[in-house]
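Here's the structure, in structure tokens; my notes come after.
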Amino acid sequence: MNPIIEVTGLSKSFGEHTVLRDINMTVDRQEVVVIIGPSGSGKSTLLRCLNLLEQPQSGDIRIEGRSLLDKTTDIREIRTEVGMVFQQFNLFPHLKVVDNITLSPVRVRNWPLEQARAKAMELLEKVGLPEKAAAYPASLSGGQSQRVAIARALAMEPKILLFDEPTSALDPEMVGEVLGVMKALAKEGMTMVVVTHEMGFAREVGDRVVFMEGGVIVEQGPPEELFDKPKNERTRAFLSRVL
Amino acid sequence: MRDGTVAHVFSGKRNGRGVMVLDFRFDLIWEYAPYFLGGTLLTIGISIVAIVLGAICGLLVAIGRMSQRWYLRVPMKAYIHFFRGTPLILQIMIVHFLLVPIFLGSTNAVAAAIAALALNCAAYSAEIYRAGIQSIDKGQMEAAMALGMSHTQAMRHVILPQAVRRMIPAFGNEFIVLIKDSSLVAFIAVPEIMYWANSMRGQYYRMWEPYMTAAVIYLILTYSLSKLLAYVERRLGK
Ligand SMILES: Nc1ncnc2c1ncn2[C@@H]1O[C@H](COP(=O)(O)OP(=O)(O)O)[C@@H](O)[C@H]1O
Ligand SMILES: [Mg+2]
Chain A
1 MNPIIEVTGL SKSFGEHTVL RDINMTVDRQ EVVVIIGPSG SGKSTLLRCL
51 NLLEQPQSGD IRIEGRSLLD KTTDIREIRT EVGMVFQQFN LFPHLKVVDN
101 ITLSPVRVRN WPLEQARAKA MELLEKVGLP EKAAAYPASL SGGQSQRVAI
151 ARALAMEPKI LLFDEPTSAL DPEMVGEVLG VMKALAKEGM TMVVVTHEMG
201 FAREVGDRVV FMEGGVIVEQ GPPEELFDKP KNERTRAFLS RVL
Chain B
1001 MRDGTVAHVF SGKRNGRGVM VLDFRFDLIW EYAPYFLGGT LLTIGISIVA
1051 IVLGAICGLL VAIGRMSQRW YLRVPMKAYI HFFRGTPLIL QIMIVHFLLV
1101 PIFLGSTNAV AAAIAALALN CAAYSAEIYR AGIQSIDKGQ MEAAMALGMS
1151 HTQAMRHVIL PQAVRRMIPA FGNEFIVLIK DSSLVAFIAV PEIMYWANSM
1201 RGQYYRMWEP YMTAAVIYLI LTYSLSKLLA YVERRLGK
């Protein structure tokens, strides 16, 4: 079967500053791809190109065969199929947890409110927070906020979930609860692209690990190969710093 | 000593015992009370209509001002510059003697007053909206976009509800300024508070009674409004 995401020759610059050069990468259905690399290497930018929060200058991105850069592609429709979870959660602070989750299904998918609420409650069960439905985001801990953000992304029933350092803003004792939810999703067969510094998660859950540095993919492969037998000198140097 | 100073300010007369007395003609104020009451209602009416129209137009101006499209952005910038950069009294005169006759066929002082204050208020409101919208973390717009919302949906359901809360103090301030500035429409003979104060001065050749009365009325209006706003802010701040 064709890969669900195909990135070919992707380049992105901000003004003079080239952040991604000639990125080629594929993600298969139900695959969990983990992107690692030093800060500033372009990991977030690459992820944000996948739902066109950033507009690349050249190359192509195909999701299920449809090019995102084709003028006839409805980018909003693509975004409903490619969910995103942010480092800073970005929950809507003026809405209760349940309304954070139902907003987009109701407004974008035109679901009836009861259906959206039923789905929201089901997802809150899944992330272990059914009792927080009527709470406001300000009253949640970081770990709870991120689990709600995951539920909010899942409410659109996306085919792919992108995670940009989902645990980096959390206190250490809350990292586990979020990684737990992500592991469960991976087990259910969700296609995921995860930028993270959690090497344990990358090794345990990742089907493939991509190492980026300086806007290029330096090396990629199954976690046991990349972590235990890195081929590239730069990969070795990075791993010796973080492991 | 302190009493003496105050009394001197009011009248400057002395009674037989050499003590300053207050020669303040409350009876004249009483006589004018019906006019001041009518003027106060007109001031309140004009100010409310102007702030509502101004806030609505201001939102449109702000959207144009923040647009990617230059043919919306440039005129709206010019609009804001004009109304913030010229004296309000000049704007009132232009609206009264030029614009209203063009649109209505004849002058109409109340319509001109409302229009001029609303247009002026729209320029200041537009900047309040812009500051409020830009104060919202950009992650909010990104999260909304990533969920498939259009720019308009994200504005309507995510950005504006948060921004409006932050704008309330600035709008309250704008409303208070507008009530005070509405006194300028006395120049085009709109019978509001200041108009009656001037009229009373002309009739009795007295300064203190009319202007103290006007001052007290404006203070009551602005003070009550600021209390009301503090209450609303507390309610929404929760
Ligand atoms: N909106 C932007 N404007 C200008 N430069 C940016 C912007 N976003 C990211 N960059 C730059 O692009 C580079 C890569 O950033 P990023 O993708 O966030 O890296 P990472 O997520 O790997 O830390 C950095 O040098 C950063 O400063
Ligand atoms: Mg990043």
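Protein sequence lines, in the order shown, are assigned to chains A and B.
Numbered according to the numbering used here, the first sequence spans residues 1 to 243.
Numbered according to the numbering used here, the second sequence spans residues 1001 to 1238.
Note that CB positions come from ideal geometry on N, CA and C, so glycine has one too.
Item, Value
"Answer yes or no: does any C-beta atom of chain A fall closer than 8 Å to that of B/Met1076?", "no"
"Between the alpha carbons of A/Asp28 and A/Ile35, how many angstroms are there, rounded?", "15 Å"
"Answer with yes or no whether the minimum CB distance from B/Pro1261 to chain A is below 8 Å.", "Past the edges of chain B, shown from 1001 to 1238, lies residue 1261 of chain B, and the structure says nothing about it."
"For ligand 1, any of its heavy atoms closer than 7 Å to the Cβ of A/His17?", "yes"
"Quick one: which chain A residues come within Cβ less than 9 Å of B/Glu1142?", "Arg48, Leu53, Met84, Phe86, Asn90"
"Can you tell me which of the three DSSP states B/Gly1018 falls into?", "In this prediction, B/Gly1018 scores a pLDDT of 47, lower than 50, which makes its location untrustworthy; the coordinate-derived value is nonetheless stated afterwards. Residue state, collapsed to three classes: coil."
"Counting contacts by CB-CB distance shorter than 8 Å, is A/Ser286 in contact with chain B?", "Chain A is shown from 1 up to 243; residue 286 of chain A falls before or after that span and cannot be answered."
"Report the partner residues of A/Val27 according to the DSSP bridge assignment.", "A/Ile5"
"Should A/Lys12 go down as buried or exposed, given a rule of 16 or more other Cβ atoms within 10 Å for buried?", "buried"
"Classify A/Lys43 as buried or exposed, calling it buried when 16 or more other Cβ atoms lie within 10 Å of its own Cβ.", "buried"
"Please compile the residues from chain B whose C-beta is within a distance smaller than 7 Å of the C-beta of A/His94.", "Pro1161, Gln1162"
"Select from the region 1143-1156 of chain B all residues with a C-beta closer than 7 Å to any C-beta belonging to chain A, and list them in chain order.", "Ala1143, Met1145, Ala1146, Leu1147, Gly1148, Met1149, Ser1150, Gln1153"
"Between the C-alpha atoms of B/Val1021 and B/Ala1122, what's the straight-line distance to the nearest angstrom?", "Model confidence at B/Val1021 stands at a pLDDT of 48, short of 50, so the residue's coordinates are unreliable and nothing is read from them."
"Under 8 Å between C-beta atoms, does A/Arg29 make it to chain D?", "Protein chains A and B are contained in the structure displayed, whereas chain D is not."
"Going along chain B, which residues have a C-beta under 9 Å from A/Val252?", "In the structure as shown, chain A starts at 1 and stops at 243, and residue 252 of chain A therefore has no counterpart that could be examined."
"Is the region 1222-1232 of chain B touching the region 1146-1161 of chain B, taking contact as three or more C-beta pairs under 8 Å?", "no"
"Quick one: is A/Lys231 buried, meaning 16 or more other Cβ sit within 10 Å of its Cβ, or exposed?", "exposed"
"Where does A/Thr18 fall in DSSP's three states?", "strand"
"Give the straight-line distance between the Cα atoms of B/Val1190 and B/Phe1024, rounded to the nearest whole angstrom.", "27 Å"
"Answer with yes or no whether the minimum CB distance from A/Met182 to chain B is below 8 Å.", "no"
"If you follow the alpha helix (DSSP H) that B/Ser1047 is in, where does it begin and where does it stop?", "1026-1065"
"Please list the partners that B/Val1110 has in chain A, where partner means a Cβ-to-Cβ separation under 8 Å.", "Going along chain A, no residue has its Cβ under 8 Å from B/Val1110, so there is no contact; the nearest lies around 38 Å."
"Taking A/Thr80 as the query, report the chain B residues whose CB atoms sit under 9 Å from its CB, ordered along the chain.", "Leu1147, Gly1148"
"Is A/Arg244 close to chain B? Criterion is C-beta to C-beta, closer than 8 Å.", "One cannot answer for residue 244 of chain A here, as it falls past the ends of chain A, which runs 1 to 243."
"Within the 8 Å Cβ cut-off, does B/Pro1158 reach chain A?", "Per the sequence shown, the amino acid found at residue 1158 of chain B is Val instead of Pro. Interface residue, yes."
"Tell me whether A/Glu213 counts as near ligand 2, meaning its Cβ is closer than 7 Å to at least one heavy atom of that ligand.", "no"
"Give me the Cα-Cα distance between A/Ile217 and B/Leu1059, rounded to the nearest whole angstrom.", "46 Å"
"For B/Gly1139, return the contacting residues in chain A, with the cut-off set at a CB-CB distance below 8 Å.", "Phe86, Gln88, Asn90"
"Is B/Thr1005 helix, strand or coil when you go by DSSP?", "The predicted position of B/Thr1005 is uncertain, since its pLDDT is 44 and thus under 50; no value can be drawn from it."
"From the DSSP output, read off the bridge partner residues of A/Ile217.", "A/Met212"
"Could you give the first and the last residue of the continuous beta strand (DSSP E) run that contains A/Asp164?", "160-164"
"Taking CB distances under 8 Å as the criterion, tell me whether A/Met190 reaches chain B.", "no"
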